[in-house]
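Colleague:
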Amino acid sequence: MASAQDVAAVVCTMNSGISVRECLTSLRAAGVGELIVVDASSSDGTREIALELADQVVDDPGIGLGNARNIGIAITTATYVLNMGSDNVMPAGELDRMLDYLTSRDLQGVSAQTFISGDDFVSRGLNDWRRGRFLPGPSAVIGTPTLFVGERLRSHPFDASRRFSDDSELCERWSHEFGARFAISDAHVLEIGKTSWAEVVVRCRMYGISDAEVFAVGSREGWSLRRKLSSLLHPARVDFYRPLRNLPALDALRSAPFLAGFTAMRYASWARTAARPK
Numbered sequence: 001m002a003s004a005q006d007v008a009a010v011v012c013t014m015n016s017g018i019s020v021r022e023c024l025t026s027l028r029a030a031g032v033g034e035l036i037v038v039d040a041s042s043s044d045g046t047r048e049i050a051l052e053l054a055d056q057v058v059d060d061p062g063i064g065l066g067n068a069r070n071i072g073i074a075i076t077t078a079t080y081v082l083n084m085g086s087d088n089v090m091p092a093g094e095l096d097r098m099l100d101y102l103t104s105r106d107l108q109g110v111s112a113q114t115f116i117s118g119d120d121f122v123s124r125g126l127n128d129w130r131r132g133r134f135l136p137g138p139s140a141v142i143g144t145p146t147l148f149v150g151e152r153l154r155s156h157p158f159d160a161s162r163r164f165s166d167d168s169e170l171c172e173r174w175s176h177e178f179g180a181r182f183a184i185s186d187a188h189v190l191e192i193g194k195t196s197w198a199e200v201v202v203r204c205r206m207y208g209i210s211d212a213e214v215f216a217v218g219s220r221e222g223w224s225l226r227r228k229l230s231s232l233l234h235p236a237r238v239d240f241y242r243p244l245r246n247l248p249a250l251d252a253l254r255s256a257p258f259l260a261g262f263t264a265m266r267y268a269s270w271a272r273t274a275a276r277p278k
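In UniProt numbering, the protein residues as written are 1 to 278.
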């Protein structure tokens with residue numbers, strides 16, 4: 001039976017001082033066999049904390065998240081690889097839940113459900129968005145934190161050219177090439193330090209850049225009109241309609257303004273990215 005000792009955790013950081021100690025401490029407490037930090041020249045004490053708690057700290061040249069993850073993944077040796085955000089905290093027992101979900105269903109990768117503490121507008125909005133959007137079960141694409149089969153991830157890693165769409169590219173490529181299957185597990189992971197509206201804006205900006213990357217690559221590869229329309233409708237479908245459909249009526253009503261703003265900012269970021277000179 002797989003255990004946390006069979007897991008190598010890779011954490012990519014860049015000035016993550018507000019959260020990285022709690023993140024790494026939780027992974028140590030979870031009992032991971034390897035703990036690797038890939039740091040992009042942090043200047044806020046992040047690297048010093050990583051040197052204290054991680055097994056290895058390696059340099060990230062800062063050209064994209066896909067490349068940073070690959071740097072860490074390449075030096076892992078464990079059976080499974082966990083890609084953990086520097087703002088994620090792994091509660092006791094939840095890594096074991098991810099492992100059990102992965103191994104018992106013959107999957108190539110699983111993610112966890114993430115939640116934040118707080119009862120303000122942003123915290124409630126983010127939690128309602130997640131609760132309505134990321135339901136446990138099969139999923140074509142999974143996002144951080146993700147647990148993958150290590151051998152497959154080391155031999156077929158992320159696309160290093162992707163800045164923010166690395167998760168979706170990898171899942172789609174694996175599904176096409178190997179028939180790989182993925183799922184959102186019933187494990188719960190906390191997210192800290194991301195409860196301000198400014199952080200929501202940053203998240204939407206990254207999602208919009210990812211949308212633009214995916215659409216541009218797909219267009220070059222000859223997507224049909226139907227596939228392009230599906231891509232264009234994706235943010236509205238997954239960030240607005242799906243949460244509203246899955247949430248209880250009162251929660252859906254409460255979260256509708258947040259979801260509408262979130263979706264609009266994601267589209268705005270997509271448009272800005274697409275309009276930039278190549």
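Where a beta carbon is used, it is the ideal one built from N, C-alpha and C, also for glycine.
Is DSSP giving residue 98 helix, strand or coil here?
Modeller: On the sequence shown, position 98 is the one that residue 98 refers to. Three-state DSSP puts residue 98 in a helix.
Colleague: Could you check which residue in 249, 174 and 10 has the C-alpha nearest to that of residue 87?
Modeller: Along the sequence shown, one-based indexing puts residue 87 at 87. Nearest option by C-alpha distance: 10.
Colleague: Helix, strand or coil: how does DSSP classify residue 5 here?
Modeller: For the purposes of this step, residue 5 is taken as the residue at position 5 of the sequence shown. Residue state, collapsed to three classes: helix.
Colleague: May I have the straight-line CA-CA distance separating residue 53 from residue 38, to the nearest angstrom?
Modeller: Along the sequence shown, read from residue 1 onward, the residue named residue 53 stands at position 53. Along the sequence shown, read from residue 1 onward, the residue named residue 38 stands at position 38. Approximately 13 Å between the Cα atoms of the pair.
Colleague: For residue 30, collect the residues of the same chain with a Cβ closer than 6 Å to its Cβ; drop the 5 residues on either side in sequence, then sort them by chain order.
Modeller: Translated into positions along the sequence shown, residue 30 becomes position 30. Once the five neighbours on either side are set aside, the close Cβ partners of residue 30 are 4, 90 and 95.
Colleague: Report the residue ranges of all alpha helix (DSSP H) runs contained in full by the UniProt domain "Glycosyltransferase 2-like" (10-134); include only those spanning at least 4 residues, in chain order.
Modeller: 20-30, 46-53, 65-74, 94-104 and 121-133
Colleague: Looking at residue 154: is its Cβ nearer than 8 Å to the Cβ of residue 73?
Modeller: In the sequence shown, counting from the first residue as 1, residue 154 sits at position 154. In the sequence shown, counting from the first residue as 1, residue 73 sits at position 73. Yes; because the gap between Cβ atoms is below 8 Å, this pair is in contact.
Colleague: Here's the rule: buried if 16 or more other CB atoms are within 10 angstroms of the residue's CB, otherwise exposed. What is residue 213?
Modeller: In the sequence shown, the residue the question calls residue 213 occupies position 213. It is buried - the Cβ of residue 213 has at least 16 other Cβ atoms within 10 Å.
Colleague: Determine whether the beta carbon atoms of residue 246 and residue 137 lie at a separation below 8 Å.
Modeller: Taking the first residue of the sequence shown as position 1, residue 246 is located at position 246. Taking the first residue of the sequence shown as position 1, residue 137 is located at position 137. Taking 8 Å as the Cβ cut-off, residue 246 and residue 137 do not qualify as a contacting pair.
Colleague: Do three or more CB pairs link the region 101-118 to the region 172-190 at distances below 8 Å?
Modeller: yes
Colleague: The beta strand (DSSP E) spanning residue 184 covers which residue range?
Modeller: Here residue 184 is taken as the residue at index 184 of the sequence shown, counted from 1. 182-191 is the span of the beta strand (DSSP E), which, as asked, contains residue 184.
Colleague: Going along the chain, which residues of its own chain have a beta-carbon closer than 6 Å to the beta-carbon of residue 251, five neighbours each way excluded?
Modeller: The residue given as residue 251 occupies position 251 in the sequence shown. Result list for residue 251: 128, in chain order.
Colleague: Beta-carbon of residue 35 versus every beta-carbon of chain B: anything under 8 Å?
Modeller: Going by chain labels, chain B is absent from the structure shown, which holds only one protein chain.
Colleague: Using only alpha-carbon positions, find the residue among 170, 33 and 28 that is nearest to residue 69.
Modeller: The residue labelled residue 69 in the question sits at position 69 within the sequence shown. Of the candidates 170, 33 and 28, the residue whose Cα lies closest to the Cα of residue 69 is 170.
Colleague: Helix, strand or coil for residue 202, going by three-state DSSP, please let me know.
Modeller: Here residue 202 refers to the residue found at position 202 when the sequence shown is read from its first residue. In this structure, residue 202 counts as helix in the three-state DSSP scheme.
Colleague: Can you tell me whether residue 221 is buried or exposed? The criterion is at least 16 other CB atoms within 10 Å of its CB, across all chains shown.
Modeller: In the sequence shown, residue 221 corresponds to position 221, counting from 1. Residue 221 is exposed by the Cβ-count criterion.
Colleague: State the DSSP-derived secondary structure class of residue 138, mapped to helix, strand or coil.
Modeller: Here residue 138 refers to the residue found at position 138 when the sequence shown is read from its first residue. Residue state, collapsed to three classes: strand.
Colleague: Return yes when the Cβ of residue 209 is within less than 8 Å of the Cβ of residue 237, no when it is not.
Modeller: For the purposes of this step, residue 237 is identified with residue 237 of the sequence shown, where counting begins at 1. For the purposes of this step, residue 209 is identified with residue 209 of the sequence shown, where counting begins at 1. Between residue 237 and residue 209, the gap from beta carbon to beta carbon reaches 8 Å or more.
Colleague: What span of residues does the alpha helix (DSSP H) with residue 258 cover, start to end?
Modeller: The residue given as residue 258 occupies position 258 in the sequence shown. Taken as a continuous stretch (DSSP letters only), the alpha helix (DSSP H) holding residue 258 covers 249-275.
Colleague: Tell me whether residue 125 is buried or exposed, calling it buried when 16 or more other Cβ atoms sit within 10 Å of its Cβ.
Modeller: On the sequence shown, residue 125 is found 125 positions in, with the first residue counted as 1. With 16 or more other Cβ atoms within 10 Å, it is buried.
Colleague: Got a sec? Which residues, its chain only, sit under 7 Å from residue 57 by beta carbon, not counting five neighbours each side?
Modeller: Taking the first residue of the sequence shown as position 1, residue 57 is located at position 57. Taken in chain order, the residues that qualify are 37, 39, 47, 50 and 51.
Colleague: Ordered along the chain, which non-local residues of its own chain (more than five positions away) have a Cβ less than 6 Å from that of residue 149?
Modeller: In the sequence shown, residue 149 corresponds to position 149, counting from 1. Excluding positions up to five away in sequence, the list reads 108.
Colleague: Across the region 189-201 and the region 227-237, are there enough close Cβ pairs to call them in contact, namely three or more that are closer than 8 Å?
Modeller: no
Colleague: Measure the Cβ-Cβ separation of residue 116 and residue 190 and say whether it is below 8 Å.
Modeller: The count along the sequence shown starts at 1 and reaches residue 116 at position 116. The count along the sequence shown starts at 1 and reaches residue 190 at position 190. Closer than 8 Å, so yes.
Colleague: Just list the residues that DSSP pairs residue 240 with in beta bridges.
Modeller: Along the sequence shown, one-based indexing puts residue 240 at 240. Residue 240 pairs with nothing; no bridge assigned.
Colleague: From the DSSP output, which residues share a beta bridge with residue 147?
Modeller: Residue numbering aside, residue 147 sits at position 147 when the sequence shown is read from its first letter. According to DSSP, which records beta bridges pairwise, residue 147 is partnered with 82 and 110.
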